[in-house]
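Student: Here you go, one structure.
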Ligand code: PMP
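In the numbering used here, the protein residues as written are 29 to 371.
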């Protein structure tokens, strides 16, 4: 057994996955009496979707420059986060390590799976605490969750520091790159071909504007991808989702990304001039973390002006902070106008 196999829960290592009728069939049948579907087409969704998402995966493969065997597609990257626990962590025994503050689902999915999550605080100005993360691991540690650019702090970590953790951490390193399309530091997904313990998560929910479709991606060694495919629900991406994603991927999000990055810089320049703004953290993502004098009060003021932001002021390391997503130029103007009236 190699070192990655040894990390997998024994029941998952030996799992016989559900096999769909069409997986088992050979030839090119054109009458489908195998899956108890309706023969009446209706809106065109009477058949089960392709459980392996071959056509969409080929498109994602071309887009991301990795072979299909290194790609998992899921119901948002949230599905991939949950799968990591279900594949690697024996409930009530194993544990995971994560940076704090970070994306809340690492902790919620840990709780759901009865897995201890060990939060390790980021350093000053949200620096990556490499040695502390390594020190938090013990013999039952299976996973390390990293997020770059990090939510809610907004900063991307140095690729060299992330790769050092991949090399030295004694378990699977899950690097969540949901916001990488907005960052000049780019992605480390190509490294999954050399690093069997690295899982890189990305999503079509942010830069690609498809949050409502629910499509997340994981890039990893073929062995880990195979485990994810065995454990997922067979039909985790609906036919409509796969079709609409293919259509959406005919156009590039580059222009929208450029506008969001330029609007992020405009807000980054404008916000510090308000007397109640204490600090605007530099961001490599599509949001800004802003520390203000009275976070709860300002949150309500924005809400009564029709703008909802994320109040992160009770999150460790984020006291007094609101997280503000970058909107359209008109939406950002409206935000600034409310702040002018509040000042
Ligand atoms: N990772 C991070 C860091 C996020 O902020 C989010 C969404 N807020 C997700 C993953 C979940 O993305 P998805 O829509 O692909 O489930």
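Glycine included, each C-beta is placed from N, C-alpha and C at the ideal position.
1) Inspect the beta-carbon positions of residue 98 and residue 221 and report whether they are closer than 8 Å.
2) Would you mind reading off the limits of the alpha helix (DSSP H) that contains residue 267?
3) On the three-state DSSP scale, how would you describe residue 147?
4) In the DSSP assignment, find the beta strand (DSSP E) that holds residue 319 and state where it starts and stops.
5) At which residues does the alpha helix (DSSP H) containing residue 106 begin and terminate?
6) Mind checking whether residue 443 and residue 326 have CB atoms under 8 Å apart?
7) Looking at the strands, I want to know which residues DSSP matches up with residue 351.
8) Determine contact between the segment 244 to 254 and the segment 96 to 110, defined as no fewer than three beta-carbon pairs at a distance below 8 Å.
9) Taking only three categories from DSSP, how would you classify residue 306?
10) What does DSSP give as the partner residue(s) for residue 235 in the beta ladder?
11) Report all residues from its chain with a CB closer than 6 Å to the CB of residue 302; omit the five preceding and five following residues, and keep chain order.
12) Taking all protein chains shown into account, do 16 or more other C-beta atoms lie within 10 angstroms of the C-beta of residue 142, making it buried, or fewer, making it exposed?
13) Secondary structure at residue 155, three-state DSSP: helix, strand or coil?
14) Measure how close the beta-carbons of residue 182 and residue 309 come, nearest whole angstrom, since I'm counting them as under 8 Å.
15) In whole angstroms, what separates the C-alpha of residue 285 from that of residue 357?
16) Let's test the definition: count the other Cβ atoms within 10 Å of the Cβ of residue 122 and tell me whether it reaches 16, buried, or not, exposed.
17) Have a look at 147, 160 and 294 and flag the residue whose alpha-carbon is nearest the alpha-carbon of residue 344.
18) Strictly closer than 6 Å from CB to any heavy atom of ligand 1: give me those residues in the order they appear in the chain.
Tutor: A quick look at the data gives this:
1) The residue you call residue 98 lines up with position 70 of the chain shown. The residue you call residue 221 lines up with position 193 of the chain shown. Cβ atoms of residue 98 and residue 221: closer than 8 Å.
2) Start at 1 with the first residue of the chain shown, and residue 267 comes out as number 239. For residue 267, the enclosing alpha helix (DSSP H) stretches over residues 267 to 276.
3) Position 119 of the chain shown, counting from 1, holds the residue named residue 147. Three-state result, residue 147: strand.
4) Here residue 319 refers to the residue found at position 291 when the chain shown is read from its first residue. 315 to 320 is the extent of the beta strand (DSSP E) around residue 319.
5) For the purposes of this step, residue 106 is taken as the residue at position 78 of the chain shown. Run containing residue 106: 104 to 116, per the alpha helix (DSSP H) assignment.
6) A query on residue 443 cannot be resolved here, the shown segment of the chain reaching from 29 to 371 and no further.
7) Within the chain shown, numbered from 1, the residue matching residue 351 stands at position 323. Paired residues: 317 and 338.
8) With the rule of 3 Cβ pairs closer than 8 Å, the segment 244 to 254 counts as touching the segment 96 to 110.
9) Within the chain shown, residue 306 is the residue found at index 278, counting from 1. Under the three-state reduction of DSSP, residue 306 is assigned to strand.
10) The residue you call residue 235 lines up with position 207 of the chain shown. Paired residue(s): none; residue 235 is not in a bridge.
11) As a position in the chain shown, residue 302 is number 274, starting the count at 1. Taken in chain order, the residues that qualify are 367 and 371.
12) If you number the chain shown from 1, residue 142 lands on position 114. Residue 142 comes out exposed.
13) What you label residue 155 is simply residue 127 of the chain shown in a count that begins at 1. Coil, per DSSP.
14) Within the chain shown, numbered from 1, the residue matching residue 182 stands at position 154. Within the chain shown, numbered from 1, the residue matching residue 309 stands at position 281. Yes, they are in contact, since the Cβ atoms of residue 182 and residue 309 sit about 6 Å apart, within 8 Å.
15) The sequence position of residue 285 within the chain shown is 257, counting from 1. The sequence position of residue 357 within the chain shown is 329, counting from 1. Approximately 13 Å between the Cα atoms of the pair.
16) Numbered from 1 along the chain shown, position 94 holds the residue referred to as residue 122. Buried, because 16 or more other Cβ atoms sit within 10 Å of the Cβ of residue 122.
17) One-based indexing of the chain shown puts residue 344 at position 316. For the residues 147, 160 and 294, the minimum Cα distance to residue 344 belongs to 147.
18) Here the list is 104, 105, 106, 131, 175, 179, 204, 206, 231, 233, 239 and 244.
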